[in-house]
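Undergrad: Here you go, one structure.
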Amino acid sequence: MQPAYPFTMTVHVKCFASLRQQLGVDAIDIEHRFDMTVADVWQALSRQPPPGNLLCARNFEYVDFNQSVADGDEIAFFPPVTGG
Amino acid sequence: MQPAYPFTMTVHVKCFASLRQQLGVDAIDIEHRFDMTVADVWQALSRQPPPGNLLCARNFEYVDFNQSVADGDEIAFFPPVTGG
Amino acid sequence: MRVEIRPQPFAPWQEVGDYQERHLARGAFGASAVFVGSMRDFNRGEPVRNMALEHYAGMTERQLTQLTEEAVQRHDLLDALLLHRIGNLRPNDPIVLVATWSAHRAEAFTACREIMEALKTRATFWKKETLTDGERWVDGNTPG
Amino acid sequence: MRVEIRPQPFAPWQEVGDYQERHLARGAFGASAVFVGSMRDFNRGEPVRNMALEHYAGMTERQLTQLTEEAVQRHDLLDALLLHRIGNLRPNDPIVLVATWSAHRAEAFTACREIMEALKTRATFWKKETLTDGERWVDGNTPG
């Protein structure tokens, strides 16, 4: 019998600012099954529910947590921005 | 019998920009009876009805045409301003 | 706060830098907004060669001081600078400079624009343009 | 149009003057609006000694370029300049510079403020302040 997800994909994950310090993660690669969302990436990374003000980007564009991810994507998590 | 207006007063009148060129008047002193308004000063100066966009100042403050004037006042007439 | 009418050309960005260096406390201001209006070589469909800027000596200075003071107080500015040119200008010459300094950005932005709108609406300046064939008085300002 | 992230301190008024001299056609622009945000030595009730400004290399540059291009097109600007500092800042250091050039004043004013608001809301920068006793991440921006 074939496994339900015979292939895995790799996503490159980055964390910034206070989140980087809290998780102790700057950049990491995560392997996961193919039908993955940003929320799944967060869960695999942190093993905790996302903070209410958490923001995320997929390939340098803001996305929602239910956005699908693809093999090789760069997924970033970060707190509210404070530039300018 | 006494005249109705035994005393006169002097107002200093200035004109600016296109109005100065049209009237050929830069600065002039006008003598008039005491109960004078800005409109009277204009009439004495120009002998014509005021243009619709005419502006006036009394002692360096914008005023309406029905504003009274006093002896020694500086009254200025000018077109719409175009600074900045 | 400084308000000046200038009969000679001025270098606006250097004026702002110099004023800030001399008059603003380091680390006190978080925001500065600046507007510079300059003479264009083209207006209302025609090339413009030169411009004469006339003002009402005595009245104009009072107006500029008053409208700048009003903005400083209304928006709790740390400081403000206003320079306005008079005399004979050539294309590219700065006409007006308004600079505002405040703790946060909203105040500096809003005050800078309000000063410009008040100046455009009220301040007693008049422009006469020299075209390729003759002169004309500018008869009104572009809406803000 | 120029958009740059700067790891070293910059002199904002000189940058604007130099850029204008090199990139804007003399007599073509009637209006320029500039905003400079600087580091204060005091924030949310406490003295601040230093500030570290972090960004998301790759994403931030794209965002700044996109939001500046959008403003240039939306407001028919002649040109725009955006500089943003990263790294270790001290009080009085410029953080951000936005400059816009247009034919008439409304466009330059509006575009300059819109670029700043878009940057504050969207651009991936984060500030960490060093206080007299410890550090803190700034948790949100002042409303515009």
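Residue numbers (the numbering used here), protein chains in the order written: chain A, 22 to 105; chain B, 22 to 105; chain C, 96 to 239; chain D, 96 to 239.
Beta carbons: idealized from backbone N, C-alpha and C, even for Gly.
C/V145 CB to nearest chain D CB: under 9 Å?
TA: Checking the displayed sequence, the identity of residue 145 of chain C turns out to be Asn instead of Val. Answer no: the Cβ-Cβ gap between C/N145 and chain D never drops below 9 Å.
Undergrad: Quick check on D/T237 - is its C-beta less than 9 Å from some C-beta in chain C?
TA: By this cut-off, D/T237 is an interface position.
Undergrad: What residues of chain B sit near C/G132, judged by a beta carbon separation below 8 Å?
TA: Neighbours of C/G132 on chain B, chain order: G105.
Undergrad: In or out: D/H150 buried (at least 16 other Cβ within 10 Å) or exposed?
TA: Buried, because 16 or more other Cβ atoms sit within 10 Å of the Cβ of D/H150.
Undergrad: Of all the beta strand (DSSP E) runs that stay within the bounds of the stretch 154 to 228 of chain D, which reach a length of 3 or more residues?
TA: Fully enclosed beta strand (DSSP E) runs of 3 or longer: 174 to 180, 182 to 184, 189 to 197 and 220 to 226.
Undergrad: Is there a Cβ of chain D sitting closer than 9 Å to that of C/P107, yes or no?
TA: By this cut-off, C/P107 is an interface position.
Undergrad: Mapping DSSP to helix, strand and coil, what is D/G125?
TA: Three-state result, D/G125: coil.
Undergrad: With a cut-off of 8 Å on the beta carbons, I'd call B/F99 and B/L76 a contact; round off their distance for me.
TA: Sure, about 5 Å apart at Cβ, within 8 Å.
Undergrad: Cβ closer than 8 Å: which chain D residues qualify as neighbours of C/M211?
TA: Here the neighbours are R200 and F204.
Undergrad: Skipping 5 residues on each side, what residues in its chain have a beta carbon closer than 8 Å to that of D/G125?
TA: So the qualifying residues of the chain are S197, A198, H199 and R200.
Undergrad: Could you have a look at B/R79 and say whether DSSP puts it in helix, strand or coil?
TA: Three-state DSSP puts B/R79 in a strand.
Undergrad: Note down the Cα distance separating C/E164 from C/E202, rounded to an integer number of angstroms.
TA: Cα to Cα, C/E164 sits roughly 14 Å from C/E202.
Undergrad: In the DSSP assignment, what residue or residues form a beta bridge with B/P101?
TA: None; B/P101 has no bridge partner.
Undergrad: Evaluate contact between the stretch 97 to 109 of chain D and the stretch 166 to 174 of chain C, counting only Cβ atoms and requiring at least three cross-stretch pairs below 8 Å.
TA: No, the stretch 97 to 109 of chain D is not in contact with the stretch 166 to 174 of chain C.
Undergrad: Does the Cβ of C/P107 have 16 or more other Cβ atoms within 10 Å, making it buried, or fewer, making it exposed?
TA: C/P107 should be labelled buried.
Undergrad: Going by the CB atoms, is the gap between C/V111 and C/S127 shorter than 9 Å?
TA: The answer is yes: Cβ separation under 9 Å.
Undergrad: Rounded to a whole number of angstroms, what is the C-alpha to C-alpha distance between A/P101 and C/R180?
TA: Looking at the two C-alpha atoms, the distance is approximately 44 Å.
Undergrad: Ignore the nearest five residues each way along the sequence and tell me which others in D/E212's own chain have a CB closer than 6 Å to its CB.
TA: These residues qualify, in order along the chain: G239.
Undergrad: Where does the unbroken alpha helix (DSSP H) through B/V62 begin, and where does it stop?
TA: Per DSSP, B/V62 belongs to the alpha helix (DSSP H) from V59 to S67.
Undergrad: Whole angstroms is fine: what's the gap from A/F55's alpha carbon to A/A38's?
TA: Taking the straight line joining both Cα atoms gives about 29 Å.
Undergrad: Please report how far the alpha carbon of B/V62 lies from the alpha carbon of C/E141, in whole angstroms.
TA: Distance between the alpha carbons of B/V62 and C/E141 is about 38 Å.
Undergrad: Sorted by chain position, which residues of the same chain lie with C-beta nearer than 7 Å to C/F204's C-beta, five sequence neighbours on each side aside?
TA: Excluding sequence neighbours, C/F204 sits near A128.
Undergrad: Which partner residues does C/V143 have in the DSSP bridge list?
TA: C/V143 is bridged to C/L226.
Undergrad: Could you tell me which chain C residues have their CB closer than 7 Å to the CB of B/F81, listed as they occur along the chain?
TA: Within chain C, the residues near B/F81 are G153, M154 and R157.
Undergrad: Taking 9 Å as the threshold (beta carbon to beta carbon), is A/P101 in contact with chain D?
TA: Yes, A/P101 counts as interfacial toward chain D.
Undergrad: What would DSSP say about A/D50, mapped onto helix, strand or coil?
TA: Reduced to three states, the DSSP call for A/D50 is strand.
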